[in-house]
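Written below as structure tokens is the structure these notes are about.
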Amino acid sequence: MMLALFTVIVVLGALGVYLALPRGRAHPGRAPLLVLAAAAGLLAWLVVSVSTGGGPRAAFVVLSTLALAGAVRVITHRRPVYSALYFILVIVAVAGLLVLMGAEFLAASLVIIYAGAILVTYVFVIMLAQQPDDAPCDVDAREPLWAAAAGFALLAAIGSQLFGPVAIREPAAPVGDNVALVGTVLLTRYAVAVELAGVLLLAAMIGAIAIARRRVTSEEA
Amino acid sequence: MNALDLIIFLPLVAALVVWRLPDRFAAAVPHIALGVSLATLVVGLALWFEIGRAGQAELVAQHEVSWISLGDSDAGGLTIRYHVGLDAISGALVLLTATLVPLAVACSFSAITHRQREYYAWLLALTSGMFGVFAARDVLLFYVFFEFTLIPLYFLIGIWGGAQRRYAANKFFLFTFAGSVITFAGILYLAIRAAQLTGDRMVTFDMLRLSSLPGLSLVEQRWLFIAFFCGFAIKVPLFPLHTWLPLAHTEAPTAGSVLLAGVLLKLGTYGFLRFALPMTPDGAIWWAQPMAWLAIAGIVYGALVSWVQRDIKKLVAYSSVSHLGFCMLGMFSLLPVGLSGSVLYMINHGLSTGALFLVVGMVYERYHTRDVDQLGGLALRMPILAAFLMLFTFSSVGLPGLNGFVSEFTVLFAAFNSPALGPWFGALGATGILLGAVYMLYMAGKLLFGPLREPPNTPDLARGLTRDLTRREIAILAPLAVLVVLLGVAPRIVTDPLDPVLDAQVMRRIEGRSARRDAPPPALVWSSSVEPSGT
Amino acid sequence: MPIVAATSLAQLPDAAAPLIPWYAATLPFWPLIAALAVLLTLITQRGRTQAHKFVVGGVGVAAFLALHLFFVVLGEIQRHQSAEHPASAAAVAADPHTAEAAHDSGHDNHAPAPKTVLRFPLYRWISLGGEHWIDVNFFVDSLAGMMLVTVTFVGLMVVIYAVGYMRDHHGHPEPGYERFFAFLGLFIFSMCMLVLAGNFALLYLGWELVGLCSYLLIGFYYQKPEAAAAAKKAFLVNRIGDFGFALGIFALYMFISPLVQPGENPLDYAVAFKYAAALSPDQCTLVSLLLLCGALGKSAQLPLHVWLPDAMEGPTPVSALIHAATMVTAGVYMVARCGVFFVGSPIALTVVTAIGAATAIFAASMAMAQYDMKRILAYSTISQLAYMFVGLGCGAPDSAIFHLYTHAFFKALLFLCAGSVMHAMGGVIDVRQFSGLRAVLPQTCRLTRIGCLALAGFPLLSGFWSKDEIVHAAFETSPLLGALMLLTALMTAYYTFRMFFLAFGGPTRLPPEAGHHPHESPAIMLRPLAVLAFGAIFAGYLGVRLSASRDGSFLGFLAPGGFFHDYLASSTIIRTAGHEGGAWLMYLSSLVAVTGIVAAWVRYGYAPLFDPDPATFGRAWRWWHAKYYVDECYDRIFVRPLRRLGEACFGADRNLVDGLVNLVAAVPTGVGLALRSLQRGSLQAYGLGMAIGIVALLLWWFASAGGVNAALALAARGSLP
Amino acid sequence: MLIPYLTLGAALFVLGLVGFVSRRNLIIMFLCTELMFQGIVINLAAFGRYPLTGPPTLDGQAFALFLLAVAASEAALGLALVVLLYRFRGTLDAAAWSTLKDS
């Protein structure tokens, strides 16, 4: 029964996203908003009925709908700057969820690194690569139908497994200070990995500088 | 490093030298090539006399050294050995090659003018490939040389050929290569099965050990025969798979088609004789009649088609299809006389068709056309060429007293009296005697007799050619003429050393399994009272 | 007809047979050496004009050795007979050309005479697998002796004649003079090899070499397209015969080899004839009919006769030697030699007789309606050969050989006379173009008259005796056959003298090509003609026994069965017909001959310009003149369809097989093109492709392995790390 | 509580995928890949917090941190490229770059 419900949600979500994706001049109008709202409501109800254990279900529902709405706006908004901003909303929602799960250190780093660093770079690039409004590449989506269909087919496939008959055991709540524990784990089991991550970042930096430094004279364009 | 290695690798080395020779010596290149080929002829003759003395006991000039060996004997593995040696069959064919190569080189002096160095380099490379194939006693080594011979000829046809040379070269290469790949699969299967049957862990490819394995089941042998058939039938060429031959011949330069017809077609028949018959005897017996049908179809088809040709070279090419049909018919009569007839046929066909191609080449050099309708009555203008052409025409038609007759007679004799085939095969094959005369005399008549007809402003006597044959050209054709008469009058020069080897290598394995085909051959109503014994 | 038990051949001494003296065995090689010598002069360009000396010398030596061999065999027969029947030592005629051969009549030749054979092994030629070999060995019995004498003697005459003939008006040798004599020498060599051959394969060698020489000599004037075509036609028709002949040899080996003791070669004559008795009649029939194919091809009998008239394109000495006296008789010789197989199967004998009779009447009719002198003689040759085949079929092979022997003389004479007429008339040989040559060429006219009389069977000439014996044997077989033979004799007489009177009778008319005054042929041409004329007259008496006249009539005292038959009796031929010739028969055949001649004289005596025959015979004459349209039928039934089949095969070869191959080649290119359209270059398309790939993968995984549940179940069991 | 988190993660991932596949603006495409990263972070954390067997572990979170490192470097390089591409063709349209197309 839950699987059927989930499929309905998926179909509604796909339809909503399909309609929301920018096509030509016409403003998408109200329809996609309503459809997506319905999908979000049903999803919230489904999550509530599925999650057995106690804990902050209400917070989870709010944060997850927030994240999903932000994500949908990211991919459907015409102007790239707003997409970036909505993306920040998504990151905040995800960070909240992480806190719910007791991964405070991760949530904090997510907000700092992602929202702070990566998204700022994005905004810089959007600023650098200014395009006249309503440039064709922003307005038109390429085969939205196929894209939506493929994506949500994937979701349906995954869902078909998740809402299967298997009853999953609820483990005990985590104990101890998350930040300290993560710190110890990082420096004991994954010490080498951390160093490697550092090297990776260094390489990326040098790469970025090398690419950006090349003068692209006009005749090469 | 014995005599055999010498003749295999000397031409290769000479090819490299000739290829990289500085321009100063460019004029000497043809003569170097000729010198090397004559050297191989001398060594070939010496080896032949040694074979004659050695009798069929063991191989002559044997040289075996491990080439590739993977894994070791207890854990199981693979060993490919560079094992070369000559018995009478290989010796005869090596001698044939050694005879034809100097003639091919000599005839290219006036024919080839551009990129001479590469031309002679490829020609010498082809020579070493041909020697290698006939001398190889290791199956994989045979296969390596078998493929190696394709490359030089591909370039010879592709660069110095006629109008459609690219297409002809490609078709030639792909046809042969496609078949030989299947044969390669067969060889591998056989080698592995042999290792299993004989129980030794190291998979060996030695020809002797792979011949007539006791445990090989009938079904396996039938399928292995098909594998060998694919590779070698294309090369022979047998009837349905022959379309590459006329194209390759008409487009190849004279030397190329002489060697192609004289030697390379024999790779197919030699392959059948070395692989199909001794290694899959039951398969050979089982497929004998279908093969005979194909051979007869080839004889009749080749003859009829060559009769309607307008291009002389294509006519001679199709005649090769017909002649090699005879050769296969003799081989699959599975009688000692049939086998020796078919090996003799290979040599005779090599000599007579090689000579015919040389003559056609000489006509082409003078008149730049091979169209039968544009030429006529050349006997008046070129009496010596006419004499040679008549001699070789009658040799290939099988006139008694010349070499063609001996092999043709023995082949048809064997087909007629063979328990595996039966009189009807001999009778149908014998139509080849008649059809052969039809198209050969048609060509000779059109070319030599009747009123004199020559294309405008020919004969082109540039490059030192004279109206009739030059001394060099006579020197090319004379040895072939002598051989043609000699082998006709005294064929025992070749067959005496040949018969015991054929008996030991092939016949003993087939007689061991005289499993006659399920249905006895269609006995004639007359012979019911006297059962034909075969021998 | 009683089948003589072939056992009489059983006591044929083979291994123990005496050897020919070594110098006699060199007989065939002298003409060969002469031919090679001429070839040498050609190559070295020196002494080319002396070419004829080599060949004349070579053939002369061969003729002498043949004669010597004839007497060696005779002596051997005497020794053999005296060993077995001391009482009746047969007297020996000193020289075949002396008039009568007295013969002690006491000897009754009915009992099968002991077989006398001489042999001479040279070397082993081809191995037939195992211990059977084809050797090059000679086998000489009286038949071979007789044939050799005929071949070499007539050959010598022709060669001498050719020395004169092959020169133009002012005596200079024609171009290709050396080549002609070389080929003649080669021909004599091949014919001697054929006759001397000791086994069937060697016979086949001689057979084909003779075919080659006839090809080369017919095509001597290779500039003329008709000559080249005629040469090719001759060789190919002979090849059709040889095809059957080869199969006959294979069949013979198949039947004989199981019977043979180790150490004996099945294809040798001695061995084959020794075991011939053991063959079943069916096997004999098969072998005989196949061998007969070869004979029909070579002797130009009915189905395969088309090549002989066209062979007249060659120079006249060639026609005289090859297409009258020697090569065409090879078929008769072979059938006589293998008599033991033919006798063994009645079917084969009837086939031989039937073909002989049909060809005789058929050729005679065609000869009556031709105008080319040489073609008339060509058809007459076919008809006379048919006579010989009838003789063979009726069990009188020695009569056939006797007719062959006499025919060689007068037919060669007639051909050479036609040659000297042609020589005088500047190459014209059509009898309508000239007449009344008796005034212009008196000697040729006299010689031709002798030849014509002999050919027509005029009494007391050689033709009469030999033809008479065959007609007698024919009557013995069946009266109808006899009557047919007499009718043919009548036609023969008629067309022979029609030709004679048209050419020599009536007012003297000369063709423009003859020049202002055509002169008689030089002495070198006339002297051999005289010798041949002498032979044409007296050769017959060799086969006649001069005994007291039985019924008192004038001709009665000349009964057949003279020295010739006794001599031949000791060869491998088997005579089954009776010997007593009825005297009445001689009168009848002389009457027939004379009526034929008188009829020809009445109609053509004065060489009329308008030929009366078409009017009298009407449509039949048109069929005869057009040679029964045989050539056209062969062309339409065999040649053209085969050529169309060849075209079809070549077409199929190009499109069908090549098409198949190109089809196979087209498959990969097609697939490649189809896939190419997928690469559109847009990033999204690649992303979409990946997404679809993931979805498909997941679905497949879930469907097959139960997906996450299985993983969870596994996890539940704690097996995951 | 694992299933809801997993569905959320999947949903975010799918939305990112749909965005990547359908939008033609290069920057937005990169943004969508970042969105896909978010989906993965949630999944990692969720599996860390609600493991199928045994007590919650921190490996998920540790791995998520490394994920961040990767995302950061990827973004840096990606955006540098985008800027370069923009300078080349003056447009951010993905369709401008189709040299891979087979002519």
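Residue numbers (this note's numbering), protein chains in the order written: chain A, 339 to 559; chain B, -8 to 526; chain C, 2 to 722; chain D, 38 to 140.
Ideal placement from N, C-alpha and C gives every residue a C-beta, glycine not left out.
Quick caveat, the model's predicted, so the values are computed rather than measured.
Item	Value
Is there a C-beta anywhere in chain D that falls below 7 Å from the one on G690 of chain C?	no
Label L123 of chain C either buried or exposed according to how many other C-beta atoms from any shown protein chain fall within 10 Å of its C-beta, with 16 as the threshold for buried.	exposed
Would you mind telling me which residues of chain C sit closer than 8 Å to G489 of chain A, beta carbon to beta carbon, in chain order?	A692
Quickly, what does DSSP pair G68 of chain B with across the bridge? List them, please.	B:G62 and B:M193
Thinking C-alpha only, which one of C:L448, C:G420, C:M192 and C:A230 is nearest Y334 of chain C?	C:M192
From the DSSP output, in three-state form, read off R444 of chain B for me.	strand
Inspect the beta-carbon positions of A377 of chain A and I347 of chain A and report whether they are closer than 7 Å.	yes
In this structure, what does DSSP give as the bridge partners for N200 of chain C?	C:D269
By a C-beta neighbour count over all protein chains shown, 10 Å radius and 16 as the cutoff for buried, is E356 of chain B buried or exposed?	buried
Find out if the Cβ-Cβ distance for the pair T560 of chain B, M337 of chain B is shorter than 7 Å.	Summary: the structure shown does not reach residue 560 of chain B, with chain B confined to residues -8 through 526, and so no result is reported for it.
How many angstroms separate the CA atom of A337 of chain C from the CA atom of F385 of chain B?	30 Å
Which residues in the same chain as W134 of chain D place their Cβ atom closer than 8 Å to its Cβ, once the five residues preceding and following it in sequence are excluded?	L122 and R126
Mind listing which residues of the region 408 to 431 of chain A have their C-beta closer than 8 Å to chain C's C-betas, in chain order?	none
Roughly how many whole angstroms lie between the Cα atoms of T351 of chain C and D399 of chain C?	18 Å
Here's the rule: buried if 16 or more other CB atoms are within 10 angstroms of the residue's CB, otherwise exposed. What is C339 of chain C?	buried
Work out the CA separation of A375 of chain A and E442 of chain A for me, nearest whole Å.	30 Å
In its own chain, which residues sit with a C-beta less than 6 Å from the C-beta of S289 of chain C, not counting the 5 before and 5 after it?	F342, F343, S346 and A349
To the nearest angstrom, how far is it from the Cα of P310 of chain C to the Cα of A379 of chain C?	6 Å
How about I484 of chain B: is its C-beta nearer than 7 Å to some C-beta of chain C?	no
Distance cutoff 7 Å, beta carbons only. Does L483 of chain A sit that close to anything in chain C?	no
Quick check on DSSP: helix, strand or coil for W278 of chain B?	helix
Using a Cβ distance threshold of 8 Å, determine whether the region 221 to 231 of chain B contacts the region 205 to 213 of chain B, with at least three qualifying pairs required.	no
Check whether the Cβ of V650 of chain C lies closer than 7 Å to any Cβ atom in chain B.	Here residue 650 of chain C turns out to be Cys, not Val, going by the sequence shown. Yes, because at least one Cβ of chain B sits closer than 7 Å to the Cβ of C650 of chain C.
Quick one: what does DSSP say Y372 of chain C is sitting in, helix, strand or coil?	coil
Is there at least one Cβ from chain A nearer than 7 Å to V723 of chain C's Cβ?	Any answer about residue 723 of chain C is impossible in this case: the structure gives chain C only from 2 up to 722.
Once DSSP output is grouped into helix, strand and coil, what is the label at Y729 of chain C?	The question about residue 729 of chain C has no answer here: the residues shown for chain C are numbered 2 through 722.
Please list the partners that R644 of chain C has in chain D, where partner means a Cβ-to-Cβ separation under 8 Å.	Per Cβ cutoff of 8 Å: no residues; R644 of chain C is ~52 Å from chain D at best.
So, does the CB of A704 of chain C fall closer than 7 Å to a CB anywhere in chain A?	no
Check the DSSP bridge columns for W134 of chain C and list the partner residues they point to.	C:S128
Who are the Cβ neighbours of V521 of chain B in its own chain at under 7 Å, not counting the five residues just before and after it?	Below a pLDDT of 50, predicted positions are generally treated as unreliable, and V521 of chain B, at 36, falls in that range; no measurement from the model is reported.
Under a Cβ-count criterion, where at least 16 other Cβ atoms within 10 Å of its own Cβ denotes burial, should S705 of chain C be classed as buried or exposed?	exposed
Using the Cα positions of I34 of chain C and A26 of chain C, report the straight-line distance between them to the nearest angstrom.	14 Å
Which of the three DSSP states, helix, strand or coil, is assigned to G56 of chain D?	helix
Can you round the beta-carbon distance between L487 of chain C and L589 of chain C to whole angstroms, since I take them to be within the 8 Å contact cut?	7 Å
Report buried or exposed for H105 of chain B, applying the criterion of at least 16 other Cβ atoms within 10 angstroms of its Cβ.	exposed
In this structure, what does DSSP give as the bridge partners for N552 of chain B?	The question about residue 552 of chain B has no answer here: the residues shown for chain B are numbered -8 through 526.
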